[in-house]
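Novice: Following the numbering used here, the numbering of the sequence shown begins with 26 at its first residue and continues without gaps.
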Amino acid sequence: MGMLDGKVAIVTGSGGGVGREIAVHMAAAGAKVIINDIGASLGGEGGSATPAQQTKAIIEQRGGAAEINTDSVSSWASAQKIVQSAMDHFGRVDIVVNNAGILRDQIFHRMTPEEWDAVISVHLNGSFYVSRSAATHFRAQESGSYVHITSTSGLIGNFGQANYSAAKLGIAALSKSIALDMKRYNVRSNCLAPFAWTRMTSSIPAETPEQKARVEKIMRMGPEKNAPLAVFLASDAAKDVTGQIFAPRMHELFLFSQNRPIRSMHSEDGWTPEKIAEVALPAFRSSLVPMERSGDVFSWDPV
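Next up, the structure:
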């Protein structure tokens with residue numbers, strides 16, 4: 026018996042990378058899988074059914090069941106078609122993995138509205154559209170699991186990715202809201218922040234010795250390392266786990282904190298700007314969040 030026997034999973038962006046590995050592992054765990062991928066470039070241009078067909082072939086060669094859907098996550102109408110394809114092919118939907126994404130990296134003061142809108146549309150809007158489309162079915166059957174792919178670029182920070190970082194942190198908030206709103210229907214929602222060398226990370230600059238060393242570390246982490254956690258979160262073994270943010274890194278697993286107050290100051294007479302500068306700031310200064318990126322926080326080699 027597999028952990029996902031009898032379940033139907035939709036995995037968006039599963040034509041390659043982390044999405045493909047999640048789809049393959051979910052099929053191996055017994056789920057029937059809808060492989061959703063439009064086959065676009067890293068920047069979102071073009072389209073091809075070939076990546077999805079390749080994932081389907083891998084699943085079927087290993088004895089699993091899968092069907093292909095090539096609709097985009099970035100519009101409400103097409104996202105509904107993705108969910109409907111699960112109903113048409115397999116008669117139900119139990120798991121949604123929001124993995125589809127593109128990159129339009131650009132330093133903030135040069136980022137165009139088009140670069141912003143394109144990334145937000147796929148990552149954040151797409152996660153909402155597909156999740157909302159499935160929510161009707163989840164509510165009716167009083168069960169379901171969402172696994173949303175977030176990123177340390179949003180949870181911690183990164184250069185040149187204001188659009189991507191905002192979308193990925195927005196996904197964490199979306200997941201928490203879904204977890205709160207749908208708990209009464211036995212529906213769970215969690216986030217997974219992958220560490221892996223894929224097409225999405227291959228654009229990381231590798232020009233200086235420091236950059237090359239960082240990329241070399243990332244290249245050791247295959248996308249398959251993220252799939253077991255996704256399978257677990259989608260399974261009944263995680264029936265009590267919702268509203269959480271996890272990250273797999275090589276053979277490590279991390280549970281992320283979420284925003285909470287860390288220091289407080291009280292003034293009986295209230296605050297003026299001058300008093301904040303003179304009293305509150307010195308008290309808060311040692312607890313101010315440092316200007317770190319993911320690589321600064323995860324500074325040790327993957328183990």
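Ideal placement from N, C-alpha and C gives every residue a C-beta, glycine not left out. Given the structure is predicted, the values throughout are model-derived calculations rather than measurements.
Could you have a look at Phe-183 and say whether DSSP puts it in helix, strand or coil?
Specialist: Along the sequence shown, read from residue 1 onward, the residue named residue 183 stands at position 158. According to the sequence shown, residue 183 is Asn rather than Phe. Coil.
Novice: Taking C-alpha atoms, which residue in Met-26, Ser-178 and His-276 lies nearest to Tyr-352?
Specialist: Residue 352 is absent from the model: the chain starts at 26 and stops at 328.
Novice: Roughly how many whole angstroms lie between the Cα atoms of Phe-279 and Glu-92?
Specialist: To locate residue 279, count along the sequence shown from 1; it is residue 254. To locate residue 92, count along the sequence shown from 1; it is residue 67. Taking the straight line joining both Cα atoms gives about 32 angstroms.
Novice: Sort out for me which residues DSSP pairs Gln-131 with in a bridge.
Specialist: Walking along the sequence shown from the start, residue 131 turns up at place 106. In the DSSP output, where bridge partners are listed per residue, Gln-131 has Gln-186.
Novice: Among all the DSSP beta bridges, which residues are the ones paired with Thr-37?
Specialist: Against the sequence shown, residue 37 aligns to sequence position 12. Partner(s): Asn-61.
Novice: Around the C-beta of Arg-129, are 16 or more other C-beta atoms found within 10 angstroms, so that it is buried, or is it exposed?
Specialist: Against the sequence shown, residue 129 aligns to sequence position 104. So Arg-129 counts as buried.
Novice: Can you say whether Asn-61 is buried or exposed, counting buried as having 16 or more other CB atoms within 10 angstroms of its CB?
Specialist: As a first step, residue 61 is located in the sequence shown; it is residue number 36 there, counting from the start. With 16 or more other Cβ atoms within 10 Å, it is buried.
Novice: Leaving aside the five residues before and after Asn-150 along the sequence, list all residues of the same chain whose C-beta is less than 7 angstroms from its C-beta, in chain order.
Specialist: Within the sequence shown, the letter at position 125 stands for residue 150. Correct list, in chain order: Ser-99.
Novice: Run through DSSP, which three-state label would Leu-258 get?
Specialist: Residue mapping note: residue 258 aligns to position 233 of the sequence shown, counting from 1. Leu-258 falls in the helix class under three-state DSSP.
Novice: With 16 as the cutoff for other CB atoms within 10 Å, does Ser-110 come out buried or exposed?
Specialist: Here residue 110 corresponds to residue number 85 of the sequence shown, with the count starting at 1. The residue is buried, with at least 16 neighbouring Cβ atoms inside 10 Å.
Novice: Roughly how many angstroms separate the alpha carbons of His-276 and Ala-252, rounded to a whole number?
Specialist: As a working mapping, residue 276 is identified with position 251 in the sequence shown. As a working mapping, residue 252 is identified with position 227 in the sequence shown. Straight-line Cα distance between these residues: approximately 12 angstroms.
Novice: Would you mind sorting Ile-35 into buried or exposed? The rule is 16 or more other CB atoms within 10 Å of its CB.
Specialist: Along the sequence shown, read from residue 1 onward, the residue named residue 35 stands at position 10. So Ile-35 ends up on the buried side.
Novice: What does the Cβ neighbour count give for His-50, buried or exposed, with the cut at 16 atoms within 10 Å?
Specialist: The count along the sequence shown starts at 1 and reaches residue 50 at position 25. His-50 should be labelled buried.
Novice: Can you list the beta strand (DSSP E) stretches of 3 or more residues lying completely in the stretch 260-305, in chain order?
Specialist: Whole beta strand (DSSP E) segments, 3+ residues: 270-274 and 277-280.
Novice: Determine, using beta carbons only, whether Leu-217 and Phe-271 come nearer to each other than 7 angstroms.
Specialist: The sequence position of residue 217 within the sequence shown is 192, counting from 1. The sequence position of residue 271 within the sequence shown is 246, counting from 1. A contact, by the Cβ cut-off of 7 angstroms.
Novice: Can you tell me whether Ala-104 is helix, strand or coil according to DSSP?
Specialist: Indexing the sequence shown from 1 puts residue 104 at position 79. Ala-104 falls in the helix class under three-state DSSP.
Novice: Using only the alpha-carbon positions, how far apart do Glu-232 and Arg-135 sit?
Specialist: What you label residue 232 is simply residue 207 of the sequence shown in a count that begins at 1. What you label residue 135 is simply residue 110 of the sequence shown in a count that begins at 1. Distance between the alpha carbons of Glu-232 and Arg-135: 21 angstroms.
Novice: For Val-122, does the three-state DSSP call read helix, strand or coil?
Specialist: Position 97 of the sequence shown, counting from 1, holds the residue named residue 122. Note: Val-122 maps to strand in three-state DSSP.
Novice: Considering only DSSP beta bridges, list what Leu-217 is partnered with.
Specialist: Here the question's residue 217 lines up with position 192 in the sequence shown. Ile-174 and Phe-271, per the DSSP bridge assignment.
Novice: Taking all protein chains shown into account, do 16 or more other C-beta atoms lie within 10 angstroms of the C-beta of His-173, making it buried, or fewer, making it exposed?
Specialist: To locate residue 173, count along the sequence shown from 1; it is residue 148. Looking at its Cβ environment, which holds 16 or more other Cβ atoms inside 10 Å, His-173 is buried.
Novice: Given that a residue counts as buried once 16 or more other Cβ atoms are within 10 Å of its Cβ, and exposed if not, what is His-148?
Specialist: The residue labelled residue 148 in the question sits at position 123 within the sequence shown. Per the 10 Å Cβ criterion, buried.
Novice: Relative to the C-alpha of Gly-38, which candidate in Lys-32, Ser-66 and Lys-208 has its C-alpha closest?
Specialist: Along the sequence shown, read from residue 1 onward, the residue named residue 38 stands at position 13. Cα-wise, what sits closest to Gly-38 is Ser-66.
Novice: So for Gly-44, helix, strand or coil by DSSP?
Specialist: Translated into the one-based positions of the sequence shown, residue 44 becomes position 19. Reduced to three states, the DSSP call for Gly-44 is helix.
Novice: Does DSSP put Val-212 in a helix, a strand or coil?
Specialist: To locate residue 212, count along the sequence shown from 1; it is residue 187. Looking at Val-212 - three-state DSSP - the assignment turns out to be strand.
Novice: Are at least three pairs of beta-carbons, each pair with one atom in the stretch 73-89 and one in the stretch 114-121, less than 8 angstroms apart?
Specialist: These segments do not touch.
Novice: Would you give the residue range spanned by the beta strand (DSSP E) that Ala-74 belongs to?
Specialist: Within the sequence shown, residue 74 is the residue found at index 49, counting from 1. Taken as a continuous stretch (DSSP letters only), Ala-74 belongs to no beta strand (DSSP E), as it is neither H nor E.
Novice: According to the Cβ coordinates, are Gly-126 and Thr-80 closer than 7 angstroms?
Specialist: Against the sequence shown, residue 126 aligns to sequence position 101. Against the sequence shown, residue 80 aligns to sequence position 55. Against a cut-off of 7 angstroms, the Cβ pair of Thr-80 and Gly-126 comes out as no contact.
Novice: Span of the beta strand (DSSP E) holding Ala-90?
Specialist: Start at 1 with the first residue of the sequence shown, and residue 90 comes out as number 65. Looking at the DSSP string, the run of the beta strand (DSSP E) that includes Ala-90 is 90-94.
Novice: Would you report the Cα separation of Ala-56 and Ile-47, rounded to the nearest angstrom?
Specialist: Stepping through the sequence shown from its first residue, residue 56 is reached at position 31. Stepping through the sequence shown from its first residue, residue 47 is reached at position 22. Those two C-alpha atoms are separated by around 11 angstroms.
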